[in-house]
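Chemist: I have a structure here, written as structure tokens, and I will follow up with some questions on it.
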Amino acid sequence: MENKIIPYGRQNITEEDIQAVVETLKSDYLTQGPKIEEFETAFANYVGSKYAVALSNGTAALHLCAMALNVKNGDKVITTPITFAASANCIRYCGGDVVFSDIDPKTYLLDFEKVKLLVNASPKGTYQGIIPVDFGGRAVNMEDFRALADEYGMWIIEDACHAPGGYFTDSSGSRQNCGNSKNADLAIFSFHPVKHIASGEGGMITTNNKELFEKLLALRTHGIVKNADLFQNTKEFAAGAADQDKYPGWYMEMQTLGYNYRLTDFQAALGLSQLNRADQGIKRRRDIALIYANAFEGKPFIKNQSGFVDGHAYHLYIIETEDRVGLYNYLREHKIFAQIHYIPCHLMPYYRNLGWKEGDMPNSEDYYKHCISLPMYRTLTDEEQQYIIQIVSRFYESK
């Protein structure tokens, strides 16, 4: 094991995946073909939403969500500092203002009570939306956020990039899948290689709102509409001739400023193949999490850990510990490439320049001083995991 590199995450590509991509490469469509809708339909069914829109990546998904919800200059949107920067940046793309709120130090999720205090302290209409993040794969209780958002007239984007297959249990005892959009206006996912479902790059938006769904379809492709029922120009103009009773077959309209955020068919084929065994991947990740949780239970060098939580999708397995820098370097010396998730967004230079400073988010800042993500992916072997646990323990036993 001493000479084997163990990354914090990695993709799992099978022969079935390769064959699915090859078949699509040999087909008539490399992009804008039938695999896109096939993937969208299968993914919507998987999470339990009515609609899904495939996109080039998770950041594009966040950007289009903000556009579809008409985020504009001066709009205030609440999110967590412990997330990848795109969760906040999508609001800035549209000119809105990001308002960070602190995390719960036990779950690492956006603290509902802190958000509630923040919203209650201002007049209705001060905040336009909330972006909770299912960080590390742990599901946010979206039911609570939905009730608060409804009371104050806010929308919700659920950032579920870490959590396909994750869920929480609502007040009625029902399981609510991450991204099913029952409690969010829109939800987003990523298909980056280290995620549960990989398509190289790629993203997905899910929603139960038909109007938002149709806006997203246009925004994904330059703002172009091909549905004759939605055309704004006359049939005569479209055809270039008088007295036309229908629009010609070639006609389309760019009705708003959109982007080219499309996913290719061969990426969709890979994503669809990976989706077919997603449940197996979740089961393996939960098995790995349980082994970590038991191994570190009661250890004096552990300040906090992800533990084993029902409904957790385990994109990451995080421990908090003293001398995090020392452990990080020691693991790397033994070719275990752990990672840090994340540097608090509000302390990135860009957001510091907007007025955020150290001390604003004490829980997030304390978390950052101690957190480290241990290797977590479906092909991690039992032998590799035991070696990781052994090296972590050895580091602290030697101190």
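The number in the working numbering is simply the position in the sequence shown, starting from 1, with 965 added. No residue lacks a Cβ here, since even glycine has one placed at the ideal position from N, Cα and C. These numbers were taken from a predicted model, which means no experiment stands behind them.
Measure the Cβ-Cβ separation of F1378 and S1164 and say whether it is below 8 Å.
Modeler: Only positions 966 to 1364 of the chain appear in the structure, and residue 1378 is not among them; the question remains open.
Chemist: For E1362, does the count of other Cβ atoms within 10 angstroms reach 16, so buried, or fall short, so exposed?
Modeler: exposed
Chemist: For D1076, tell me which candidate among S1329, A1234, E988, M1313 has the shortest Cα-Cα distance.
Modeler: Ranking S1329, A1234, E988, M1313 by CA distance to the CA of D1076 puts S1329 first.
Chemist: Need the endpoints of the beta strand (DSSP E) that G1168 sits in, please.
Modeler: 1168-1172
Chemist: May I ask you to list the residues that DSSP assigns as paired with G1095?
Modeler: The residue you asked about is not Gly; residue 1095 is Ile in the sequence shown. I1043, I1121.
Chemist: With the cut-off set at 8 Å, would you say H1143 and G1023 are in Cβ contact?
Modeler: The identity of residue 1143 in the sequence shown is Cys, whereas the question assumes His. Contact: no.
Chemist: Between E1201, Y1293, K1300, V1064, which has its C-alpha nearest G1320's C-alpha?
Modeler: V1064
Chemist: Among D982, Y1315, V1042, E1262, which residue has its Cα nearest to the Cα of G1118?
Modeler: V1042
Chemist: Whole angstroms is fine: what's the gap from I963's alpha carbon to M1341's?
Modeler: The requested residue 963 does not occur in the structure, where the chain is confined to residues 966 to 1364.
Chemist: Thinking C-alpha only, which one of E1287, L1292, F1008, D1135 is nearest S1238?
Modeler: F1008
Chemist: Mind checking whether H1311 and G1101 have CB atoms under 8 Å apart?
Modeler: no
Chemist: Taking Y1257 as the reference, give the member of I983, E1285, Q1245 with the closest Cα.
Modeler: E1285
Chemist: On a CA-only basis, which of H1335, F1231, P1327, K1268 is nearest T996? Give me that one, please.
Modeler: F1231
Chemist: Would you report the Cα separation of L1029 and G1167, rounded to the nearest angstrom?
Modeler: 14 Å
Chemist: At a cut of 8 Å, does the stretch 1077-1087 reach the stretch 1106-1125 through at least three beta carbon pairs?
Modeler: Look at the beta carbons and you see the stretch 1077-1087 touching the stretch 1106-1125: at least three pairs across the two are nearer than 8 Å.
Chemist: A1233 and A1019 look like a contact to me (Cβ under 8 Å); what is the Cβ gap, rounded to whole Å?
Modeler: 6 Å
Chemist: So I1308 is in the beta strand (DSSP E); what residue range does that whole segment cover?
Modeler: No beta strand (DSSP E) holds I1308; DSSP gives it neither H nor E.
Chemist: Below 7 Å, is the gap between the Cβ of N1035 and the nearest heavy atom of the ligand GTP?
Modeler: The ligand GTP is not part of the structure shown, which contains no ligands of any sort.
Chemist: Taking DSSP's pairing of strands, which residues face Y1132 in a bridge?
Modeler: N1142
Chemist: Between R1111 and E1078, what straight-line distance do the alpha-carbon atoms span, to the nearest angstrom?
Modeler: 13 Å
Chemist: Which residue wins for smallest C-alpha separation from F1154, given the options D1135, V1098, N1198, Q1245?
Modeler: V1098
Chemist: Report back the beta-carbon spacing between L1181 and A1050 to the nearest angstrom; my notes put them in contact at under 8 Å.
Modeler: Their Cβ separation, rounded to whole angstroms, is 22 Å, which puts L1181 and A1050 out of contact at 8 Å.
Chemist: Apart from the five residues on each side of it in sequence, which residues of its chain come closer than 7 Å, Cβ to Cβ, to T1241?
Modeler: Per the sequence shown, the amino acid found at residue 1241 is Asn instead of Thr. Exclusion of the five residues before and after N1241 leaves no residue of its chain whose Cβ lies closer than 7 Å to its Cβ.
Chemist: Tell me the DSSP secondary structure of N1225 in three-state form.
Modeler: strand
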